[in-house]
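Novice:
In our numbering, the protein residues as written are -3 to 80.
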């Protein structure tokens, strides 16, 4: 049995969602370019949810302290590279 075609309301909602995802992808690229890693990570999580990508298992997720340390190392590395 064939699925019924989507109603115009469902189609409009899908288009709105697609537009929102596209904007989030653009924002993610800008945040990456500006070295805004913490914000980018949270936006990437939102994109994963929107795309129905499976989330990270509990043991694979960084603790807030590990996340902070990671981004501090990354920022220090970028600062050192810009001085060279």
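Built from N, CA and C at the ideal position, the CB exists for glycine as well. Everything numeric in this text was worked out from a predicted model, so none of it was measured.
Once the 5 residues before and after residue 81 are set aside, which same chain residues still bring their CB inside 6 Å of it?
Specialist: Outside the shown range of the chain, which is -3 to 80, sits residue 81, and nothing can be said about it.
Novice: Go to residue 45, then tell me how far its alpha helix (DSSP H) extends in each direction, as first and last residue.
Specialist: Your numbering for residue 45 matches position 49 in the chain shown. Segment 33 to 46, the alpha helix (DSSP H) holding residue 45.
Novice: Could you pull out every residue in the same chain whose Cβ sits closer than 6 Å to the Cβ of residue 43, ignoring the five residues on either side in sequence?
Specialist: Residue numbering aside, residue 43 sits at position 47 when the chain shown is read from its first letter. Cβ neighbours of residue 43 beyond the five flanking positions: 20.
Novice: Can you give the Cα-Cα distance for residue 13 and residue 34, rounded to whole angstroms?
Specialist: Looking up residue 13 in the chain shown gives position 17. Looking up residue 34 in the chain shown gives position 38. Straight-line Cα distance between these residues: approximately 24 Å.
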